[in-house]
Amino acid sequence: MSTAAPSEELGAREPADGKGPGFMVVAKKEFKASLLKHLRSESETKASRPLTTARTTENDDAAHGKCAGRGGGKVSRRELKGGLEGFVLDNVLSEKECDSLLEGLASDGHKFTFWNPEAPNRKDTRNVDTVEVYDETLASEIWSRVKDNVTKIIEIPQDNDTWEYGLEGTWVACGINPRLLFARYSPGGHFSPHTDGHVVIDFNHRTLHSVIIYLNTCAEGGATHIFHTADMKSKKFVQDSKGRFRFAKDKIADSGIPKAGSMLSFSQHLMHEGEPVGEGCMKYIIRTDVMYKRTPAVCDDSRGIEAYKVFQQASEAEVNPPLHTHPH
1 MSTAAPSEEL
11 GAREPADGKG
21 PGFMVVAKKE
31 FKASLLKHLR
41 SESETKASRP
51 LTTARTTEND
61 DAAHGKCAGR
71 GGGKVSRREL
81 KGGLEGFVLD
91 NVLSEKECDS
101 LLEGLASDGH
111 KFTFWNPEAP
121 NRKDTRNVDT
131 VEVYDETLAS
141 EIWSRVKDNV
151 TKIIEIPQDN
161 DTWEYGLEGT
171 WVACGINPRL
181 LFARYSPGGH
191 FSPHTDGHVV
201 IDFNHRTLHS
211 VIIYLNTCAE
221 GGATHIFHTA
231 DMKSKKFVQD
241 SKGRFRFAKD
251 KIADSGIPKA
261 GSMLSFSQHL
271 MHEGEPVGEG
281 CMKYIIRTDV
291 MYKRTPAVCD
301 DSRGIEAYKV
311 FQQASEAEVN
321 PPLHTHPH
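According to the UniProt record's numbering, the sequence shown is numbered sequentially starting from 1.
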């Protein structure tokens with residue numbers, strides 16, 4: 001059965017400061033002019049320690065068990081097929097390190113819970129239990145192992161159909177996002193086709209690539225399927241025999257296979273899915289991001305920062321337009 005992609009209902013609310021949509025249109029124009037001015041100006045002048053488990057405290061050594069290994073061997077990189085912007089790294093973690101991370105997570109008192117507790121029976125688009133933690137130490141250690149193999153530089157042209165407006169420039173990889181989402185997929189657990197959200201620290205510091213680190217080897221199912229770019233615009237799913245939204249198999253361009261210690265990274269505009277996990281199997285992953293900084297930075301003076309705030313308000317107003325009531 002073919003059906004349109006499910007979508008979340010967007011709430012409607014007034015823009016910040018009570019300013020209407022007309023103001024927001026003007027604001028975006030002003031920001032665009034300011035941004036282009038900064039861009040032109042910039043272009044003219046531009047000539048190992050063991051892993052801990054997933055939480056940072058004042059005393060990591062006492063609070064968490066350590067992984068005994070130091071990676072699974074030499075890290076190797078495989079490009080995604082079909083010209084897709086992404087890659088797979090092997091040997092980022094050893095199997096023993098993967099096990100220690102999960103054991104440490106449990107010993108810390110972290111408990112996996114269904115990702116959407118308000119709708120525990122809604123599993124047609126996503127069925128997974130998660131734990132979100134913040135760990136700069138772990139993120140730094142992962143970065144030390146993968147930094148030589150990630151996509152180090154991303155050039156975004158001024159006129160592009162991939163990224164949102166305002167991202168043109170040179171972006172340099174600078175770290176791993178310390179917000180780490182541990183996810184547990186039980187038999188039948190899956191994640192329907194979707195694109196990932198991004199984390200924006202400021203106008204010149206944000207995520208551009210997603211990261212999935214596989215913490216165990218899943219014998220059946222559980223692959224991360226990435227779809228052909230041409231098929232992403234259709235957003236037409238099929239429903240399998242259990243009512244799960246999927247893309248047809250012939251739309252798959254490449255996949256990340258759940259292998260303990262391996263890492264999949266890809267551009268955040270790429271549509272992908274978490275394949276249902278097979279009977280009698282489990283899948284554990286860490287979901288995080290590669291952080292990038294724009295070099296040189298733009299709009300980083302006081303006027304540029306204020307203009308960006310206005311631009312964010314305008315963008316939010318476009319997504320969540322104000323309600324207008326009409327007399328009957």
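Glycine included, every Cβ here is placed at the ideal spot set by N, Cα and C.
query: Below 7 angstroms CB to CB, which residues in the same chain sit around Ala260 once its five sequence neighbours on both sides are set aside?; result: Glu95, Cys98, Tyr214, Leu215, Asn216 and Thr217
query: How long is the line joining the alpha carbons of Lys293 and Leu80, rounded to whole angstroms?; result: 24 angstroms
query: Taking only three categories from DSSP, how would you classify Leu51?; result: Note on Leu51: pLDDT 45, under 50, position unreliable in the model; the coordinate value appears next. Note: Leu51 maps to coil in three-state DSSP.
query: Where Val75 and Gly256 are concerned, what is the direct C-alpha to C-alpha distance, given to the nearest angstrom?; result: 16 angstroms
query: For my contact list, Val128 and Ala183 are in at a C-beta cut-off of 8 angstroms; report their separation, rounded to the angstrom.; result: 5 angstroms
query: Tell me whether Ala248 sits in a helix, a strand or coil according to DSSP, three-state version.; result: coil
query: Assign Thr195 to buried or exposed, taking buried as 16 or more other Cβ atoms, counted over all protein chains shown, within 10 Å of its Cβ.; result: exposed
query: Just list the beta strand (DSSP E) runs in the stretch 67-93, keeping only unbroken ones of 3 residues or longer that don't cross its boundaries, in chain order.; result: 76-79 and 86-90
query: So the alpha helix (DSSP H) Pro163 belongs to, where does it begin and stop?; result: A quick correction: the sequence has Trp, not Pro, at residue 163. Unbroken run through Trp163: none, as it is neither H nor E.
query: Would you kindly work out how many angstroms separate the C-alpha atoms of Val199 and Leu264, rounded to a whole number?; result: 18 angstroms
query: For the beta strand (DSSP E) that contains Leu138, what are its first and last residues?; result: Unbroken run through Leu138 is the alpha helix (DSSP H), Glu136 to Val146; no beta strand (DSSP E).
query: Where does Leu215 sit, in a helix, a strand or coil, going by DSSP?; result: coil
query: Can you check DSSP and say which residues form a bridge with Met271?; result: Its beta-bridge partners do not exist; DSSP assigns none.
query: Is Ile257 helix, strand or coil by DSSP?; result: coil
query: Please report the straight-line C-alpha distance between Thr151 and Lys309, rounded to a whole angstrom.; result: 29 angstroms
query: Using C-beta distances below 8 angstroms, list every residue in its chain close to Ile153, excluding the 5 sequence neighbours before and after it, in chain order.; result: Thr170, Trp171, Val172 and Ala173
query: Can at least three beta-carbon pairs, one atom from the stretch 185-195 and one from the stretch 242-254, be found at a separation below 8 angstroms?; result: yes
query: When DSSP builds the beta bridges, which residues end up paired with Leu105?; result: Answer by DSSP bridge pairing: none, since Leu105 is not bridged.
query: Quick check: what's the CA-CA separation for Lys236 versus Leu181?; result: 28 angstroms
query: How many Å lie between Asn91 and Gly71 at the Cα?; result: 6 angstroms
query: Return the chain-ordered list of same chain residues with a C-beta closer than 6 angstroms to the C-beta of Val131, the five sequence neighbours on each side being excluded.; result: His110, Phe112 and Phe182
query: CB-CB under 7 angstroms to Leu167, same chain, minus the five flanking residues each way: which ones, in chain order?; result: Ile156
query: Decide if Tyr165 is buried, meaning its Cβ has at least 16 other Cβ atoms within 10 Å, or exposed.; result: exposed
query: Between Leu208 and Gln158, how many whole angstroms is the CB-CB distance? I'm expecting something under 8 angstroms.; result: Not quite, the Cβ-Cβ distance comes to about 16 angstroms (not below 8 angstroms), so this is no contact.
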